[in-house]
Structure formats: C-alpha cells, structure tokens
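A.B. asks: Below are the structure tokens for one structure; questions will follow.
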C-alpha cells in the first residue's frame with residue numbers, strides 16, 4: 046500500500062507525455078499544370094497533427110499541402126503524369142513537415158491522373174505548338190535566305206556600279222590620251238594627220254600589235270604620206286594662205302574668197318569655184 050501511495054503522489058511533470066494524436070485526411074483536387082488551361086486530377090492523403098490545443102480541422106492541413114502540390118504541379122506536363130507524380134513525391138519529402146495555424150502536416154501521398162479529355166486537349170496543344178515551331182523555323186530560314194539574297198543582290202549591284210565607274214574612268218582616260226595623242230603627234234604635221242586618216246579607216250581590222258592589215262599597198266601609203274610632208278611646196282602654200290586668211294577681217298576674207306573663186310572658175314574648175322562661192326555665203 047505504501048508503494049501505491051508514493052506513485053499516486055508523484056507530480057504531473059514527472060509523468061511521461063503521451064504522443065500527439067495523428068489524423069489522416071483524404072481529398073481530391075485539380076491542380077493546374079504548366080499549361081494553365083490543363084489540370085491534373087489529384088487524390089491526396091494528408092497525415093497531420095495538432096501543435097496546440099487549437100480547434101484546427103483537417104481542412105487546414107489540406108490547405109497547407111495543397112499549396113505545395115499546386116506549386117509543384119505548375120511546372121509539370123499533363124502528358125507525363127507519372128513523372129509529375131514522382132517530382133511531387135520528391136518535393137513532399139523535402140518540404141515536410143509543414144506548419145501553420147496550429148497544424149503540423151507530417152506526411153502526404155498524392156496520386157495524379159489525367160482524364161481522356163485533358164489528355165486529348167494536351168496532344169492537340171502539343172501538335173499546334175510543334176506546327177507553330179516548324180512554321181517559325183521555316184519563316185526564320187526564309188528570312189535568312191531573303192537576307193542573304195538581298196546581300197548578294199546589293200553586292201552584285203555595288204560590283205556593277207564599281208565596274209561601270211571603272212569603265213567610265215577608263216573611257217575618260219582613253220579620251221584624254223587620244224586627245225593628247227592627236228594634239229602632240231597627229232596634228233603636229235599634215236603628213237601625220239594624213240597617215241592617221243588613212244589608217245583610221247581600217248581601224249577595226251588593224252591588229253593591236255604588228256603591221257598594217259593584209260593587202261595594204263605600202264608603197265602607195267608611203268607616197269601618200271610624203272605628199273603631206275611639211276616641206277612639200279603645196280603644204281607650205283596652204284599654210285601661208287591659212288595664216289594670211291586668219292589675219293584678214295571678215296570683209297577682207299569675203300573679198301579674198303571672191304577673188305579666189307573667180308580665179309578657179311577661170312581655170313575651168315566650176316565645181317570648186319561653186320564650193321568657194323558657197324563658203325563665201327557661210328561667212329555672212
């Protein structure tokens with residue numbers, strides 16, 4: 046009896062505390078997937094305890110675990126429910142226990158499924174995304190080809206303009222060189238001018254290097270050129286007449302041409318006399 050009395054009079058603090066009561070609550074939900082328009086069907090079993098003498102009910106525990114489920118499901122694809130379920134189980138192992146509003150969630154199991162309508166809609170959405178991606182790829186490649194074609198056309202146009210500029214520059218240099226050649230070489234003497242005139246007639250057939258075209262009578266060519274030598278008497282006379290006429294006034298030139306036309310007419314060359322008369326009219 047003494048031993049029983051001593052046990053009964055022990056203080057409450059010395060007694061062993063009873064473990065907290067654990068409850069299990071089952072509910073279903075439809076968390077959104079990575080596509081907010083498509084949802085999983087979730088069957089959830091949550092194990093929870095009260096952390097105080099509060100009147101918390103199972104819905105508080107359900108709310109705590111539902112927040113974690115929604116967060117994890119929002120990054121998962123409804124076409125991969127098994128993978129989503131595995132990721133969710135790993136997240137629960139990492140995050141549990143959860144505390145809030147006098148409740149401690151100590152365990153949870155989630156089963157994710159996808160109904161046929163959601164699965165079909167997900168496949169259609171995936172096909173649309175694939176078609177859109179292919180179209181975007183096609184447009185991108187087409188834009189690349191168009192840009193490359195525009196660059197090639199621009200480069201070709203620049204090359205064409207550059208060639209035209211170079212050809213124009215070459216033509217100007219050739220014109221200046223021809224002008225200098227005519228002034229220094231051809232117009233230096235009547236013989237040079239006559240030779241140039243004779244050779245220019247067959248310029249299309251004159252070889253770039255070498256002698257005159259085949260069939261050219263060199264003796265006749267030499268005689269023709271010699272007749273135009275500056276020392277020839279008729280060339281000297283023509284130069285003197287040219288210088289004399291340049292020194293006359295307009296009236297003096299008309300009078301001189303009249304005298305010359307009459308003299309030519311007297312010598313029987315009516316054609317040249319008429320040409321001189323016509324030249325007289327051009328002086329007026």
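Numbering (my numbering), first residue to last: 46 to 329.
Every residue gets a Cβ at the ideal spot worked out from N, C-alpha and C, and that includes glycine.
Please read all numbers here as calculations on a predicted model, not as lab measurements.
1. Check each candidate in 147, 146, 158 and 312 and name the one with the smallest Cα separation from residue 118.
2. Whole angstroms are fine: how far does the CA of residue 322 sit from the CA of residue 285?
3. To the nearest angstrom, report how far apart residue 110 and residue 84 are at their CA atoms.
4. Does residue 149 come out as helix, strand or coil in the three-state DSSP assignment?
5. Beta-carbon of residue 156 versus every beta-carbon of chain E: anything under 7 Å?
6. Terminal residues of the continuous beta strand (DSSP E) containing residue 87?
7. Among 148, 241 and 192, which residue has its Cα nearest to the Cα of residue 100?
8. Which word fits residue 290, buried or exposed, when buried means at least 16 other C-beta atoms lie within 10 angstroms of its C-beta?
9. Within a Cβ cutoff of 6 Å, which residues of the same chain sit near residue 88, ignoring the five residues on either side of it in sequence?
10. From residue 219 to residue 242, what does the alpha carbon distance come to, in whole angstroms?
11. Could you check what DSSP says for residue 66 in three-state terms: helix, strand or coil?
12. Counting Cβ pairs closer than 8 Å, one from the region 160-173 and one from the region 129-136, do we hit at least three?
13. Report all residues from its chain with a CB closer than 6 Å to the CB of residue 143; omit the five preceding and five following residues, and keep chain order.
14. Just list the beta strand (DSSP E) runs in the region 143-204, keeping only unbroken ones of 3 residues or longer that don't cross its boundaries, in chain order.
15. Which residues in the same chain as residue 305 place their Cβ atom closer than 8 Å to its Cβ, once the five residues preceding and following it in sequence are excluded?
16. Below 8 Å CB to CB, which residues in the same chain sit around residue 171 once its five sequence neighbours on both sides are set aside?
17. Skipping 5 residues on each side, what residues in its chain have a beta carbon closer than 6 Å to that of residue 145?
18. Assuming contact is defined by CB atoms lying nearer than 7 Å, are residue 168 and residue 153 in contact in what I supplied?
19. If residue 94 sits next to residue 65, beta carbons under 8 Å apart, how far is it from one beta carbon to the other, in whole angstroms?
20. Measuring straight from C-alpha to C-alpha, what distance separates residue 223 and residue 298?
21. Which residue spans inside the region 205-239 form an unbroken beta strand (DSSP E) run of at least 3?
22. Of all the options 80, 141, 81 and 104, which has the alpha carbon lying nearest to the alpha carbon of residue 70?
23. For residue 278, does the count of other Cβ atoms within 10 angstroms reach 16, so buried, or fall short, so exposed?
24. Is it buried or exposed for residue 288, if we count other Cβ within 10 angstroms and need 16 for buried?
25. Note the first and the last residue of the continuous alpha helix (DSSP H) segment covering residue 278.
26. In this structure, does DSSP put residue 80 in helix, strand or coil?
27. Return helix, strand or coil for residue 73, following the three-state DSSP convention.
28. Would you call the CB atoms of residue 317 and residue 311 closer than 7 Å?
29. Hey, could you find the ends of the alpha helix (DSSP H) residue 117 is sitting in?
C.D. replies: So, from the data block:
1. Counting from one through the chain shown, the residue named residue 118 turns up at place 73. Nearest to residue 118 by C-alpha distance, out of 147, 146, 158 and 312, is 158.
2. Here residue 285 corresponds to residue number 240 of the chain shown, with the count starting at 1. Here residue 322 corresponds to residue number 277 of the chain shown, with the count starting at 1. Just so you know, the alpha carbons of residue 285 and residue 322 end up roughly 21 Å apart.
3. Along the chain shown, one-based indexing puts residue 110 at 65. Along the chain shown, one-based indexing puts residue 84 at 39. Roughly 17 Å between the two C-alpha positions.
4. As a first step, residue 149 must be located in the chain shown, where it is residue number 104. In the structure shown, residue 149 adopts extended strand secondary structure according to DSSP, grouped into three states.
5. You won't find chain E in this structure, because it holds only one protein chain.
6. On the chain shown, position 42 is the one that residue 87 refers to. For residue 87, the enclosing beta strand (DSSP E) has its first and last residue at 86-95.
7. Stepping through the chain shown from its first residue, residue 100 is reached at position 55. Out of 148, 241 and 192, 148 has the C-alpha closest to the C-alpha of residue 100.
8. Numbered from 1 along the chain shown, position 245 holds the residue referred to as residue 290. Residue 290 is exposed by the Cβ-count criterion.
9. For the purposes of this step, residue 88 is identified with residue 43 of the chain shown, where counting begins at 1. If the five residues before and after residue 88 are omitted, its C-beta is found closer than 6 Å to the C-beta atoms of 73 and 156, all from its own chain and listed in chain order.
10. In the chain shown, counting from the first residue as 1, residue 219 sits at position 174. In the chain shown, counting from the first residue as 1, residue 242 sits at position 197. Taking the straight line from one Cα to the other gives about 19 Å.
11. Here residue 66 refers to the residue found at position 21 when the chain shown is read from its first residue. Correct three-state label for residue 66: coil.
12. Touching, no, given that fewer than three Cβ pairs across the two stretches are closer than 8 Å.
13. On the chain shown, position 98 is the one that residue 143 refers to. So the qualifying residues of the chain are 109 and 150.
14. With a minimum length of 3 residues, the continuous beta strand (DSSP E) runs that stay inside the region 143-204 are 143-145 and 148-158.
15. Position 260 of the chain shown, counting from 1, holds the residue named residue 305. The residues are 321.
16. Translated into positions along the chain shown, residue 171 becomes position 126. Only 124 meet the Cβ criterion.
17. Along the chain shown, one-based indexing puts residue 145 at 100. Same-chain partners within the cutoff: 109.
18. Here residue 168 is taken as the residue at index 123 of the chain shown, counted from 1. Here residue 153 is taken as the residue at index 108 of the chain shown, counted from 1. Taking C-beta atoms as the reference points, residue 168 and residue 153 fail to come closer than 7 Å.
19. As a working mapping, residue 94 is identified with position 49 in the chain shown. As a working mapping, residue 65 is identified with position 20 in the chain shown. Correct: roughly 5 Å between the Cβ atoms.
20. In the chain shown, counting from the first residue as 1, residue 223 sits at position 178. In the chain shown, counting from the first residue as 1, residue 298 sits at position 253. It is roughly 33 Å from the alpha-carbon of residue 223 to the alpha-carbon of residue 298.
21. Annotation note: the region 205-239 contains no uninterrupted beta strand (DSSP E) run of length 3 or greater.
22. As a first step, residue 70 is located in the chain shown; it is residue number 25 there, counting from the start. The candidate whose alpha carbon is nearest that of residue 70 is 104.
23. By 1-based counting over the chain shown, the position of residue 278 is 233. Under this definition residue 278 is an exposed residue.
24. Translated into positions along the chain shown, residue 288 becomes position 243. Around the C-beta of residue 288, fewer than 16 other C-beta atoms lie within 10 Å, and the residue is accordingly described as exposed.
25. For the purposes of this step, residue 278 is taken as the residue at position 233 of the chain shown. In the DSSP assignment, residue 278 falls within the alpha helix (DSSP H) that extends over 278-291.
26. Locating residue 80 in the chain shown gives position 35, where the first residue counts as 1. Annotated three-state conformation of residue 80 is coil, per DSSP.
27. In the chain shown, counting from the first residue as 1, residue 73 sits at position 28. For residue 73, the three-state secondary structure derived from DSSP is strand.
28. Taking the chain shown and counting its residues from 1, the one referred to as residue 317 is at position 272. Taking the chain shown and counting its residues from 1, the one referred to as residue 311 is at position 266. No, they are not a contact pair.
29. Within the chain shown, the letter at position 72 stands for residue 117. Per DSSP, residue 117 belongs to the alpha helix (DSSP H) from 103-118.
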